[in-house]
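Take the sequence shown: its letters are residues 12 to 275, numbered as in our numbering.
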Amino acid sequence: MLHKLEGIVLKTRDYGESNKIVTLMTKEAGKIGVMARGAKKPRSRLAAISQTFMHGIFIVQRTSGLGTLQQGELINSMRHIQTDIVRAAYASYIVELVDRLMEEGSPQPFAFEVLKQALYAIDEEYDPEAIALFVDWKLLPYAGVRPVLHQCASCGAVEGEFAFSFSQGGFLCHRCFHVDQYIIRLNPTQVKLIRMFANVPIEKIGKLELKRETKRFIKMIVTTIYEEQTGMRLKSRSFIDQLEKSESLLSLQKNDEHEKGVES
Numbered sequence: 012m013l014h015k016l017e018g019i020v021l022k023t024r025d026y027g028e029s030n031k032i033v034t035l036m037t038k039e040a041g042k043i044g045v046m047a048r049g050a051k052k053p054r055s056r057l058a059a060i061s062q063t064f065m066h067g068i069f070i071v072q073r074t075s076g077l078g079t080l081q082q083g084e085l086i087n088s089m090r091h092i093q094t095d096i097v098r099a100a101y102a103s104y105i106v107e108l109v110d111r112l113m114e115e116g117s118p119q120p121f122a123f124e125v126l127k128q129a130l131y132a133i134d135e136e137y138d139p140e141a142i143a144l145f146v147d148w149k150l151l152p153y154a155g156v157r158p159v160l161h162q163c164a165s166c167g168a169v170e171g172e173f174a175f176s177f178s179q180g181g182f183l184c185h186r187c188f189h190v191d192q193y194i195i196r197l198n199p200t201q202v203k204l205i206r207m208f209a210n211v212p213i214e215k216i217g218k219l220e221l222k223r224e225t226k227r228f229i230k231m232i233v234t235t236i237y238e239e240q241t242g243m244r245l246k247s248r249s250f251i252d253q254l255e256k257s258e259s260l261l262s263l264q265k266n267d268e269h270e271k272g273v274e275s
């Protein structure tokens with residue numbers, strides 16, 4: 012039976028001389044794997060649609076095992092992601108996270124919408140680091156983690172100074188700081204941003220301009236949750252870390268050159 016599915020390509024791998032196995036995150040059927048026969052051939056009608064990040068309509072012949080991709084109609088090729096290494100790095104992180112968290116064959120319309128909104132935002136040249144934070148916080152429940160962010164995880168208070176507690180699974184108010192000696196204190200802006208990342212749809216947010224230190228601080232918290240509480244360590248995260256180190260090194264070099272120019 013043929014099925015018409017809206018989907019996004021999460022990953023591909025070669026199979027034989029000319030075929031690909033394509034993993035799709037679809038709106039109607041969740042994550043599925045399909046065989047794209049002949050997709051490795053440049054002139055194949057499946058060559059373009061079976062590339063990572065592609066958003067399209069896929070005609071799939073589904074069986075009890077691996078389905079077969081019959082044809083596809085491209086909706087968005089994510090051109091800016093494809094041509095920018097930084098945007099591609101964060102987009103790769105997002106699709107890898109979705110791939111790791113989703114079980115095959117179980118419809119997850121919310122996760123699909125988060126994925127689609129995130130890739131579109133990055134392709135439209137929104138801050139990719141901030142967009143990745145939206146995805147991180149929104150998909151935590153799929154990893155079995157539901158941090159308490161709307162109130163104090165200990166006493167339920169909704170007002171006061173807050174900190175994040177890994178042991179208590181969310182925010183602690185200042186009255187309960189004694190519960191965890193390893194709390195991470197938060198200022199009101201950081202509390203507001205974490206709640207926004209977790210609860211506000213990406214499409215409802217304008218182009219955020221956040222300080223790099225703020226993004227890194229919040230990323231440290233959510234990355235620690237994934238790595239320490241779920242055991243998830245993503246290859247794409249390592250590549251992003253390498254890019255950030257390279258950017259920092261280049262920035263230092265430029266500053267040194269500028270200072271030397273001023274001195275001369």
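Each residue gets a CB set at the ideal place from its N, CA and C atoms; glycine is no exception.
Since this is a predicted model, take the numbers as computed values, not measurements.
From the DSSP output, in three-state form, read off residue i for me.
| i | result |
| --- | --- |
| I133 | helix |
| C184 | strand |
| E84 | strand |
| N198 | coil |
| I32 | strand |
| Q72 | strand |
| L221 | coil |
| L245 | coil |
| T94 | coil |
| I216 | coil |
| D191 | coil |
| F121 | helix |
| E170 | coil |
| S176 | strand |
| K149 | helix |
| T234 | helix |
| D138 | coil |
| I60 | coil |
| E114 | coil |
| V106 | helix |
| A47 | strand |
With distances taken from CA atoms, which of the options is nearest residue i?
| i | options | result |
| --- | --- | --- |
| V290 | G155, H185, S178 | Outside the displayed range of the chain (12 to 275) lies residue 290, so it cannot be described from this structure. |
| Y26 | K38, A174, V45 | V45 |
| Q62 | F208, A50, D191 | A50 |
| T241 | I86, Y104, V233 | V233 |
| C163 | K149, P152, G181, L150 | G181 |
| V20 | V211, G83, L219 | G83 |
| R90 | L130, K52, P158, I216 | L130 |
| M12 | R157, I70, R48, S165 | I70 |
| E220 | M36, V33, V109, A141 | A141 |
| V109 | T94, A58, K22 | K22 |
| L80 | G18, N210, M243 | G18 |
| R73 | A58, N87, A47 | A47 |
| I194 | S75, S165, K222, N210 | S165 |
| L254 | D95, Y153, V146 | D95 |
| E39 | R54, R98, A58, H14 | H14 |
When you compare only the Cα positions, how much space is there between residue i and residue j?
| i | j | result |
| --- | --- | --- |
| S178 | F188 | 12 Å |
| Y237 | M65 | 27 Å |
| L16 | A132 | 22 Å |
| R111 | K246 | 11 Å |
| K52 | I60 | 12 Å |
| Q192 | F175 | 11 Å |
| G167 | V190 | 14 Å |
| N198 | G171 | 11 Å |
| H161 | K149 | 14 Å |
| I213 | P139 | 12 Å |
| Q93 | G67 | 16 Å |
| V159 | I216 | 22 Å |
| P152 | F123 | 14 Å |
Below 8 Å CB to CB, which residues in the same chain sit around residue i once its five sequence neighbours on both sides are set aside?
| i | result |
| --- | --- |
| I229 | L144, Q201, L204, I205, F208 |
| R248 | Y104, T234 |
Does the beta-carbon of residue i have 16 or more other beta-carbons within 10 angstroms, so that it is buried, or is it exposed?
| i | result |
| --- | --- |
| I43 | buried |
| F121 | exposed |
| K31 | buried |
| E239 | exposed |
| D252 | exposed |
| D267 | Caution is warranted here: a pLDDT of 48 is assigned to D267, below 50, making its placement in the model unreliable, and the coordinate value is therefore given only provisionally. Burial call: exposed. |
| L35 | buried |
| L77 | exposed |
| L183 | buried |
Can you list, in chain order, the residues of its chain with a C-beta nearer than 7 Å to that of residue i? Leave out the 5 residues immediately preceding and following it.
| i | result |
| --- | --- |
| Q119 | G41, M113 |
| H269 | Residue confidence for H269 is low, a pLDDT of 43 falling below 50, so the modelled location carries little weight and cannot support an answer. |
Quick one: residues in its chain with C-beta nearer than 6 Å to the C-beta of residue i, no 5 flanking neighbours on either side, listed in chain order?
| i | result |
| --- | --- |
| Q128 | I213, E214 |
| S29 | G49, K51, K52 |
| S55 | G49 |
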